[in-house]
Amino acid sequence: MRGKAELFLIFISVLPFLSLSFSAESPKERRVLVLLDDLAIKSSHSLFFDSLKSRRFLLHFRLADDPEISLRRYGQHLYDALILFCPSVQRFGGSIDVAAIADFVDSGHDLIIAADNNASDFIREIATECGVDFDEDPVAMVIDHTSYAVSDTEGDHTLLASDNIIESDVILGSKKIEAPVLFKGIGHSLNPSNNLVVKVLSASPSAYSANPKSKLANPPTITGSAISLVSIVQARNNARVLITGSLIMFSNRFFRSGVQKAGNSTKHERSGNEQFFTELGKWVFHERGHLKAVNIRHHKVGVTDEPAMYRISDDLEYSVEIYEWSGTSEPYVADDVQVQFYMMSPYVLKTLSTNQKGLYSTAFKVPDVYGVFQFKVEYHRLGYTTLSLSKQIPVRPYRHNEYERFIPAAYPYYGAALSMMAGFFIFTAVHLHNK
Amino acid sequence: MVRSTGNDAQALFHALRSAYAATPTNLKIIDLFVGFAVCTALIQVAYMAIVGSFPFNSFLSGVLSCIGTAVLAVCLRIQVNKENKEFKDLAPERAFADFVLCNLVLHLVIMNFLG
Numbered sequence: 001m002r003g004k005a006e007l008f009l010i011f012i013s014v015l016p017f018l019s020l021s022f023s024a025e026s027p028k029e030r031r032v033l034v035l036l037d038d039l040a041i042k043s044s045h046s047l048f049f050d051s052l053k054s055r056r057f058l059l060h061f062r063l064a065d066d067p068e069i070s071l072r073r074y075g076q077h078l079y080d081a082l083i084l085f086c087p088s089v090q091r092f093g094g095s096i097d098v099a100a101i102a103d104f105v106d107s108g109h110d111l112i113i114a115a116d117n118n119a120s121d122f123i124r125e126i127a128t129e130c131g132v133d134f135d136e137d138p139v140a141m142v143i144d145h146t147s148y149a150v151s152d153t154e155g156d157h158t159l160l161a162s163d164n165i166i167e168s169d170v171i172l173g174s175k176k177i178e179a180p181v182l183f184k185g186i187g188h189s190l191n192p193s194n195n196l197v198v199k200v201l202s203a204s205p206s207a208y209s210a211n212p213k214s215k216l217a218n219p220p221t222i223t224g225s226a227i228s229l230v231s232i233v234q235a236r237n238n239a240r241v242l243i244t245g246s247l248i249m250f251s252n253r254f255f256r257s258g259v260q261k262a263g264n265s266t267k268h269e270r271s272g273n274e275q276f277f278t279e280l281g282k283w284v285f286h287e288r289g290h291l292k293a294v295n296i297r298h299h300k301v302g303v304t305d306e307p308a309m310y311r312i313s314d315d316l317e318y319s320v321e322i323y324e325w326s327g328t329s330e331p332y333v334a335d336d337v338q339v340q341f342y343m344m345s346p347y348v349l350k351t352l353s354t355n356q357k358g359l360y361s362t363a364f365k366v367p368d369v370y371g372v373f374q375f376k377v378e379y380h381r382l383g384y385t386t387l388s389l390s391k392q393i394p395v396r397p398y399r400h401n402e403y404e405r406f407i408p409a410a411y412p413y414y415g416a417a418l419s420m421m422a423g424f425f426i427f428t429a430v431h432l433h434n435k
Numbered sequence: 001m002v003r004s005t006g007n008d009a010q011a012l013f014h015a016l017r018s019a020y021a022a023t024p025t026n027l028k029i030i031d032l033f034v035g036f037a038v039c040t041a042l043i044q045v046a047y048m049a050i051v052g053s054f055p056f057n058s059f060l061s062g063v064l065s066c067i068g069t070a071v072l073a074v075c076l077r078i079q080v081n082k083e084n085k086e087f088k089d090l091a092p093e094r095a096f097a098d099f100v101l102c103n104l105v106l107h108l109v110i111m112n113f114l115g
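So the protein sequences, as listed, match chains A and B.
The opening residue of the first sequence carries number 1 in the UniProt record's numbering; numbering runs sequentially from there.
The opening residue of the second sequence carries number 1 in the UniProt record's numbering; numbering runs sequentially from there.
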């Protein structure tokens, strides 16, 4: 009995420490499920995985056809992110399928998909769900006869050294990637009407997607800069997906290899792959470019409380605080955040001015229209989470006693009527006194 | 021909002036009042033409007060004029009392409609 009581006391005393691990502000370790075709990838791509582990990610490696893997249990997701390094898997083991992965992304979790030249239909289908279409030809690879990496062994120009990298400090960090990025695998194309996908690394205009081992029978389906080598998708719920057609880009061999682009005499000691994927990995897992808007307030000028209703031609102030998450909450500084006073169309559109500490505010006059308006902030910038803030507020017209008592434009008429009365009065006096 | 028409106009004007000079003073006072009212009305119409008819009720009220007063003054003049055979039996005091009461009603209405 006494032993049980002691055990119970110890258990109770440990509970407060357990609750600390769920604090929302301090970054907790995030669990990532990594599905592989072959456990050798764990060691052949160890540099990439180590960079994730050093940033406090708990990686769970599993074979893709392991029958016990699942993303959900009892309605809760077991992992915070998913990495699919299993291009040739035909069917996942366990309870994962295309719908489960789509549901995983729909609930706001991040995903990395790497295919390669023996990509199965399954992986292609998952990529299509995310908005990216791999080349349908199963044996096609991206070939480029002018932008290939000079190497001693492979002469078929499928090893590309690409430096068509998107320019974005948010996605790829502020340090420029000097060396070209090595790529060997299948290319994909993006639907031009899809505005959620972005080409991070695109092929040069002379690239095309075809079978390297046979002569070209038909014109290639995707060519030139339309071929994307690495793409990112930021979904409307701000889940981020990274898709690439080359699993070997992540390998230690490519990270460490030197690179020399054809036609260029500079030989780089190390390819840009490691920096490229470290920075891109930070972006995909929301360590950069993740915005949070808090404290949306609006009030009449001079009053601190938020009113339930405004009147037309009121002066009001609107303010919002925007922070960027990069390890800690830093104030986000930009000069292009705008607020709309919106009812079917924006009646007022103002750029918010910032105090450089994350507070954005502006003041304007309510328009001369009554109805139910919304304060809308629609902030879509490349690489940043979308901010769609909206706060509804009604606007009423003047009450009957809020109009001006005397209309200045009508003063002549007032004067005329009064002068008529005065004239009548004087006239009666004169008329009566006149005999 | 032109000079003779010019002379005719002048002669007519002079005739009118001398005939008017013969009217009694109290009628001249009433005429003066009517002239004042009509002028005020014209000024208001000119103002409305420039600025627009925004408080239209005020405009109507102002113009109507002028015109109404002019009309009532003209009625008074007709009734008080001794040369007018139609109102020979009407006492001028009665005419004046009517004038005053009508004006009171007129101005009451004007003040309400002025806004």
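Yeah, the Cβ is synthetic: ideal placement off N, Cα and C, and Gly gets one too.
Remember, it's a predicted structure, so these values are computed and weren't measured experimentally.
Cβ atoms of residue j and residue i: under 8 Å apart, would you say?
i, j, result
"V170(A)", "G383(A)", "yes"
"Y347(A)", "V369(A)", "yes"
"I101(A)", "I126(A)", "yes"
"Q340(A)", "V372(A)", "no"
"H268(A)", "E178(A)", "yes"
"I222(A)", "S209(A)", "yes"
"D133(A)", "G185(A)", "no"
"A416(A)", "Q44(B)", "yes"
"M420(A)", "C66(B)", "yes"
"F285(A)", "D110(A)", "yes"
"L349(A)", "L280(A)", "no"
"V241(A)", "I312(A)", "no"
"N434(A)", "N57(B)", "no"
"M249(A)", "N218(A)", "no"
Go ahead and pull the three-state DSSP assignment for residue i.
i, result
"E317(A)", "strand"
"F183(A)", "strand"
"G415(A)", "helix"
"I222(A)", "coil"
"F22(A)", "A caution first: F22(A) carries a pLDDT of 45, below 50, which makes its placement in the model unreliable, though a value can still be read off. Coil at F22(A), not helix or strand."
"S51(A)", "helix"
"E378(A)", "strand"
"residue 445(A)", "It is not possible to answer for residue 445(A), since the shown part of chain A is limited to 1 through 435."
"Y370(A)", "coil"
"Q90(A)", "coil"
"Y47(B)", "helix"
"L229(A)", "strand"
"T428(A)", "helix"
"Y20(B)", "helix"
"A422(A)", "helix"
"N112(B)", "helix"
"I248(A)", "helix"
"K365(A)", "strand"
"N295(A)", "strand"
"K42(A)", "helix"
"S65(B)", "helix"
What residues of chain A sit near residue i, judged by a beta carbon separation below 8 Å?
i, result
"F36(B)", "G423"
"Y20(B)", "Ordered by position in chain A, no residue passes the 8 Å Cβ test against Y20(B), which lies about 18 Å from the chain."
"I50(B)", "Within chain A, no residue comes near I50(B); the closest Cβ sits about 10 Å away, beyond 8 Å."
"residue 118(B)", "Examination of residue 118(B) is not possible in this model, given that chain B is present from 1 through 115 alone."
From this set, the options, which residue's C-alpha is nearest residue i's C-alpha?
i, options, result
"A226(A)", "R236(A), N237(A) and V200(A)", "V200(A)"
"N295(A)", "L389(A), R31(A) and L39(A)", "L389(A)"
"R288(A)", "S174(A), F255(A) and G187(A)", "S174(A)"
"G108(A)", "A235(A), G258(A), D121(A) and P307(A)", "A235(A)"
"T354(A)", "Q338(A), P367(A) and G94(A)", "Q338(A)"
"L104(A)", "N237(A), K261(A), A217(A) and H157(A)", "Leu is not the amino acid found at residue 104(A); the sequence shown has Phe there. Nearest option by C-alpha distance: N237(A)."
"A73(B)", "I29(B), A49(B), A19(B) and S18(B)", "I29(B)"
"E317(A)", "L352(A), H431(A), F255(A) and L216(A)", "L352(A)"
"G302(A)", "A308(A), D314(A) and L291(A)", "D314(A)"
"L229(A)", "Y413(A), N252(A) and P205(A)", "P205(A)"
"C130(A)", "D137(A), T244(A), D37(A) and A429(A)", "T244(A)"
Along chain A, in chain order, which residues have C-beta atoms closer than 7 Å to that of residue i?
i, result
"V100(B)", "T428"
"C66(B)", "A416 and M420"
"G6(B)", "Under the 7 Å cutoff, chain A gives no residues; its nearest Cβ is about 38 Å from G6(B)."
"H107(B)", "M421"
If the cut is a Cβ gap below 8 Å, which residues of chain B does residue i touch?
i, result
"S434(A)", "The sequence given here has Asn at residue 434(A), not Ser. Simply T25, N26 and I29."
"H400(A)", "Here the premise fails: no neighbours, minimum Cβ distance about 13 Å."
What is the C-beta distance between residue i and residue j, in whole angstroms, given that I count them as a contact (C-beta under 8 Å)?
i, j, result
"T146(A)", "G258(A)", "So it is not a contact: roughly 20 Å between Cβ atoms."
"L190(A)", "V197(A)", "5 Å"
Quick one: list the residues of chain A neighbouring residue i, beta-carbon separation under 9 Å, in chain order.
i, result
"L90(B)", "Going along chain A, no residue has its Cβ under 9 Å from L90(B), so there is no contact; the nearest lies around 16 Å."
"I110(B)", "A417, M420 and M421"
Would you mind telling me which residues of chain B sit closer than 7 Å to residue i, beta carbon to beta carbon, in chain order?
i, result
"A410(A)", "P55 and S58"
What in chain B is Cβ-close to residue i, meaning under 9 Å?
i, result
"H286(A)", "Within 9 Å Cβ-Cβ: nothing; H286(A) doesn't reach chain B, min ~58 Å."
"Y403(A)", "Within 9 Å Cβ-Cβ: nothing; Y403(A) doesn't reach chain B, min ~10 Å."
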